[in-house]
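Let me begin by presenting the structure, written as structure tokens, before commenting on it.
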Amino acid sequence: MSVLQIHAHPTRTTVWILSWFLFATGVVSYFWVSRDRHRDNPDDRVMPTLRQMSQAFVDATLKPAEDDEVATNASEQSVAARIRNSMLWKDTAATGRRFLISMALLFPAVLLGLHMGMFPHVGAFFLRFVLFFDKIVALSLLPILFIAFGIDELAKVMLIVVGVAPTIILDSYNLTRSVPKEQIVKGFTLGAGDFSITYRVVFKQIWPRVLNSIRLNLKAVMLFLFAGEMIASTDGLAYRIALLRRHMGMDTIIPYVLWVALLLFLVDFGMRTLNRKLHPWFQEA
Amino acid sequence: MTPAAAASKVLDNQTDPASLNTPALIRIQDVLVEYGQPGKPAKRILNGVSLDIRAGEFISIVGQTGCGKSTLLRLVLAEEMPTRGQVLVEGSPRPQPDRRCGYVPQKYSLFPDRTVLENITFGLEVTEIGFFGGISPARRLRRKEFRAEAIGYLRRMGLRESDASKYPHQLSGGMQQRVAIAQALIMRPKILLMDEAFSALDPGTRAGMQRLIKDLWRETGTTVLFVTHNPREAVILATRVIALGRTGAEDDGANIVLNLSVPDTNEESKIASLIQRIEQTTFPGGGAENDEVAGAPEA
Chain F
810 MSVLQIHAHP
820 TRTTVWILSW
830 FLFATGVVSY
840 FWVSRDRHRD
850 NPDDRVMPTL
860 RQMSQAFVDA
870 TLKPAEDDEV
880 ATNASEQSVA
890 ARIRNSMLWK
900 DTAATGRRFL
910 ISMALLFPAV
920 LLGLHMGMFP
930 HVGAFFLRFV
940 LFFDKIVALS
950 LLPILFIAFG
960 IDELAKVMLI
970 VVGVAPTIIL
980 DSYNLTRSVP
990 KEQIVKGFTL
1000 GAGDFSITYR
1010 VVFKQIWPRV
1020 LNSIRLNLKA
1030 VMLFLFAGEM
1040 IASTDGLAYR
1050 IALLRRHMGM
1060 DTIIPYVLWV
1070 ALLLFLVDFG
1080 MRTLNRKLHP
1090 WFQEA
Chain C
203 MTPAAAASKV
213 LDNQTDPASL
223 NTPALIRIQD
233 VLVEYGQPGK
243 PAKRILNGVS
253 LDIRAGEFIS
263 IVGQTGCGKS
273 TLLRLVLAEE
283 MPTRGQVLVE
293 GSPRPQPDRR
303 CGYVPQKYSL
313 FPDRTVLENI
323 TFGLEVTEIG
333 FFGGISPARR
343 LRRKEFRAEA
353 IGYLRRMGLR
363 ESDASKYPHQ
373 LSGGMQQRVA
383 IAQALIMRPK
393 ILLMDEAFSA
403 LDPGTRAGMQ
413 RLIKDLWRET
423 GTTVLFVTHN
433 PREAVILATR
443 VIALGRTGAE
453 DDGANIVLNL
463 SVPDTNEESK
473 IASLIQRIEQ
483 TTFPGGGAEN
493 DEVAGAPEA
């Protein structure tokens, strides 16, 4: 039987093998090429070995960054304190803080989309402007943001908001508009007013979908955050990757990239789980 | 008055002499509904419709697909405003739907994010408890009373208490419509508007729902406007059947072509003759949905 048939029924083992095959191939290929390069040049920095990357990751987890002032007495501290002062932890905390502030600032975007969808005058006021704003490439605004807001945290957070908020506003708007008219009429006939219908009928129905939309935009959030950090920052995961690039520090860059991917995967998984727990009706429907 | 409106009035008076004595709960006066986009000719849906409906009547609105049955219902609901004419409920026009009219649509009749019990008590919660009402002990007690009342309605609708915690998508179509009726009736509306509420149900369930709604109407005395395209359903449920159809050109809009008082009878020959009359007036070329399984209510 051909494996390319639409009606093929791969066994569980086949599915497991197929789904991990590309991962395995990538890892094996990398270390194969890395071993060859190190055989030719033991000081090769482009493709570090597993041992080099492990050592660099342990160092990043337990040691402060070279430019960090805490570095002086680091070896005398407890493991917990060393992790707390470590380069990886501090970078993760800095990026995480910016990420959370940006996510919090996206909530008003959801409310704006909701009100635009519910109240025709609000929709007429904002829709054209948001549609226009959505077409502006956020990264092209970066110089303007740095000039307007300085190179501090605000500019980086604003970059994320400017980059992702229009998408979230338009998503919320479209989700609001897609709530069947019958539901709104039903709300009125049951004695609810405009705001009761907006928040108790429509918002409750679109919220899980909005969460999904935010979840699908996580990568865009991180993209804008990394752009901001790489250009103007003194800490953060992207700042560190950009800094290490100058020194060809691939032994740290690769674990950092994998660490970012893991964090994003965990946030995505957490949001999915939370959505499922909070809104059983949505997942089952 | 347009010729169509005049014809409608004559029909109404011929079959409805009691309307002269009793004030109308719903008065539809010479209503015209047109939909149009700039630069395109307007599409006329209803033209010169006039109708008085008294409290306690069970009105079936019947007609071919696209003849404006649901539009007429939406006008009474105040979800839509007529291009010309007016719709008065208790003597006054309404700017938007309100709790005087309960509403059971064909689809999306329940809030999907709420359980059956929460759906039924929704109206009571928003009108009497409010957003932060759960904080007050007196209101918490009131909420318990609502739940007890909702359970009572649930049983009356033939559902089990264990269904109370289910979400709408866990119920069958018939069960969903039962909950939707309970949700509307718990608010004690003066008028119950049902827009093809049983159309998506299988014939057996549909017959059961017909019995239920007729019994509830007898118990509560609520005025019911029931839109259907099934003449048999219209006859076995209603005290009066309003048939909509086009008398003039295709783009002239629909009007009332039959305003028929229905005697309270289970006699199959009488029912059949009424159905025949509706079909001849409303569906001259055939095409009425009239499945035999959706039979008359049990005696």
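Protein chains in written order, with our numbering: chain F, 810 to 1094; chain C, 203 to 501.
Glycine included, each C-beta is placed from N, C-alpha and C at the ideal position.
Cα-Cα separation, Gly1079 (chain F) to Arg316 (chain C): So the alpha carbons of these two residues sit roughly 24 Å apart.
Cβ distance (whole Å) where Gly1037 (chain F) is taken to contact Leu968 (chain F) below 8 Å: Contact between Gly1037 (chain F) and Leu968 (chain F) holds: CB atoms are separated by about 5 Å, below the 8 Å threshold.
Nearest candidate by alpha-carbon position, reference Leu871 (chain F), set F:Arg854, F:Arg893, F:Leu1072: If we check each option's Cα against that of Leu871 (chain F), F:Arg893 comes out closest.
Coil, strand or helix - Pro819 (chain F) by DSSP: DSSP places Pro819 (chain F) in coil when its eight states are reduced to three.
Neighbour list for Lys309 (chain C) in chain F, Cβ cutoff strictly below 9 Å: Chain F residues near Lys309 (chain C): Pro989, Glu991.
C-beta neighbour in chain C for Trp1090 (chain F), strict 8 Å: True, the Cβ-Cβ gap to chain C drops below 8 Å.
With 16 other Cβ atoms within 10 Å as the buried cut-off, status of Ile826 (chain F): By the neighbour-count rule (16 or more Cβ atoms within 10 Å), Ile826 (chain F) is not buried but exposed.
Selection of the stretch 972 to 1006 of chain F by Cβ proximity to chain C, strictly under 7 Å: Contact annotation: in the stretch 972 to 1006 of chain F, residues whose CB is within less than 7 Å of a CB in chain C are Pro989, Glu991, Gln992, Val994, Lys995, Phe997, Thr998, Leu999, Gly1000, Ala1001, Ser1005.
Met396 (chain C) and Val426 (chain C) closer than 8 Å at C-beta: With contacts defined by Cβ atoms closer than 8 Å, Met396 (chain C) and Val426 (chain C) form a contacting pair.
Any C-beta of chain C under 8 Å from that of Arg1085 (chain F): Chain C, which has no Cβ nearer than 8 Å to the Cβ of Arg1085 (chain F), makes this no.
Expected contact under 8 Å - CB spacing of Thr998 (chain F) and Gly258 (chain C) to nearest Å: Thr998 (chain F) to Gly258 (chain C), Cβ: 19 Å. No contact.
Boundaries (first-last residue) of the beta strand (DSSP E) holding Thr425 (chain C): Looking at the DSSP string, the run of the beta strand (DSSP E) that includes Thr425 (chain C) is 425 to 430.
Stretch pair the stretch 377 to 385 of chain C + the stretch 359 to 369 of chain C: three plus CB contacts closer than 8 Å: Yes, they touch.
With 16 other Cβ atoms within 10 Å as the buried cut-off, status of Ser911 (chain F): Answer is buried; the Cβ neighbour count reaches 16.
CB contact below 8 Å: Val1069 (chain F) versus chain C: Residue contact with chain C for Val1069 (chain F): absent (no Cβ-Cβ distance below 8 Å to any residue of chain C).
Inside the stretch 335 to 399 of chain C only - beta strand (DSSP E) runs reaching at least 3 residues: Listed in chain order, the beta strand (DSSP E) elements of length 3 or more contained wholly in the stretch 335 to 399 of chain C are 393 to 397.
Members of the stretch 429 to 455 of chain C that neighbour chain F once the beta carbon cut-off is set at 7 Å: So nothing in the stretch comes that close.
Beta-carbon spacing of Thr407 (chain C), Gln266 (chain C) below 8 Å: With respect to Gln266 (chain C), Thr407 (chain C) sits apart: the two C-beta atoms are not nearer than 8 Å.
Distance CB(Phe1033 (chain F))-CB(Gly959 (chain F)) smaller than 8 Å: No. Outside cutoff.
Asn983 (chain F) - DSSP class collapsed to helix/strand/coil: Asn983 (chain F) falls in the helix class under three-state DSSP.
Residues that Cys269 (chain C) contacts on chain F, provided the C-beta gap is smaller than 9 Å: None at all; the shortest Cβ gap to chain F is about 20 Å.
Contacting positions in the stretch 923 to 942 of chain F - beta carbon closer than 7 Å to chain C: Against chain C - using a Cβ distance shorter than 7 Å - the stretch 923 to 942 of chain F contributes no residues.
Whole-angstrom distance between Leu914 (chain F) and Ile322 (chain C), CA atom to CA atom: If I take the Cα positions, the gap works out to 36 Å.
Simplified DSSP assignment, three categories, for Val495 (chain C): Unreliable placement is indicated for Val495 (chain C), whose pLDDT of 38 sits below 50; the coordinate value is still reported in the next sentence. Here DSSP, grouped into helix, strand and coil, assigns Val495 (chain C) to coil.
Three-state class that DSSP yields for Ile263 (chain C) in the structure shown: Strand.
CA nearest to the CA of Glu236 (chain C), picked from C:Arg229, C:Arg286, C:Thr441: Minimum Cα distance to Glu236 (chain C) is reached at C:Arg286.
Segments assigned alpha helix (DSSP H), at least 4 residues, entirely inside the stretch 928 to 996 of chain F: Those alpha helix (DSSP H) runs which fall completely within the stretch 928 to 996 of chain F and span 4+ residues are 929 to 944, 951 to 958, 962 to 986.
Spatial distance of Gly375 (chain C) from Gln308 (chain C) (CA atoms): So the alpha carbons of these two residues sit roughly 10 Å apart.
Three-state secondary structure (DSSP) of Ala456 (chain C): Three-state DSSP puts Ala456 (chain C) in a strand.
Close Cβ partners of Leu936 (chain F) (< 8 Å) along its chain, the five nearest in sequence each way excluded: Leaving aside the five residues that flank Leu936 (chain F) on each side, the residues in its chain whose CB is nearer than 8 Å to its CB run, in chain order, Met925, Tyr982.
Proximity of Val994 (chain F) and Ile1015 (chain F) at Cβ, strictly below 8 Å: Pairing Val994 (chain F) with Ile1015 (chain F) gives a Cβ-Cβ distance that is not under 8 Å.
Buried versus exposed call for Met203 (chain C) [16 or more other C-beta atoms within 10 Å across all chains shown]: Only weak support is given to the placement of Met203 (chain C): the predicted model assigns it a pLDDT of 44, under 50, and the value that follows is read from those uncertain coordinates. Met203 (chain C) is exposed by the Cβ-count criterion.
Any chain C beta carbon closer than 8 Å to Arg1081 (chain F): For Arg1081 (chain F), the answer is no, since every Cβ of chain C falls outside 8 Å of its Cβ.
Residue nearest to Asn457 (chain C) in terms of C-alpha spacing, selected from C:Gln372, C:Glu469, C:His371, C:Ser252: The option with the nearest alpha carbon to Asn457 (chain C) is C:Ser252.
Three-state secondary structure assigned by DSSP to Pro857 (chain F): Coil at Pro857 (chain F), not helix or strand.
Ser294 (chain C) - partner residues in DSSP beta bridges: Looking at the DSSP assignment, Ser294 (chain C) forms a beta bridge with C:Val291.
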